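I have placed the structure first, in the form of structure tokens, so that the comments after it can refer back to it.
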Amino acid sequence: LAALSSASMLRIENFTARGLAITAWSWAALEFADVPLMNAIAAASMSRMRHFSPQNVANTAWSFAKLCFAHPPLFAALASRAICRFAEFEPQDISSTAWAYASLAILHAPLLEV
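Residues in the sequence shown are numbered consecutively from 3, following the working numbering.
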């Protein structure tokens, strides 16, 4: 896993929004929180947030929560994106995003008002 993490970090600047979300999801599915990689995914995700689809938002939030990896700047960016695109969210996107914020006990009042 260390080799995969290192290879991902070397290429992370080339990842699309979908690639970042899928990479986060993959590590969460493995239940392996590689802190440097998760921080790199968070940083890259924040810089590409305008390209995140509702599913990318939901999958990224779910992945970080599954790993119990609270990253306040990332979750603030995800919430802002979710608010902007909320009309496009599918029920699964809504439930995954809500679960992520609840499981990490992140209260984002504007997101709750959508």
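Idealized CB from N, CA, C, for every residue including glycine.
This one's a predicted model, so the numbers in the text were calculated from it and none came from an experiment.
Under the three-state DSSP convention, the category residue i falls into
i: Ser55; result: coil
i: Arg50; result: coil
i: Asp95; result: helix
i: Val37; result: helix
i: Cys70; result: coil
i: Ile108; result: coil
i: Glu15; result: helix
Rounded separation between residue i and residue j - CA only
i: Ser65; j: Ala100; result: 12 Å
i: Ser28; j: Ala107; result: 23 Å
Cβ distance (whole Å) where residue i is taken to contact residue j below 8 Å
i: Asn58; j: Arg20; result: 6 Å
i: Ser47; j: Leu76; result: 6 Å
Of the listed residues the options, nearest to residue i (C-alpha basis)
i: Asp95; options: Leu109, Ala45, Glu115, Phe54; result: Phe54
i: Pro56; options: Ala78, Arg83, Leu39, Ala79; result: Arg83
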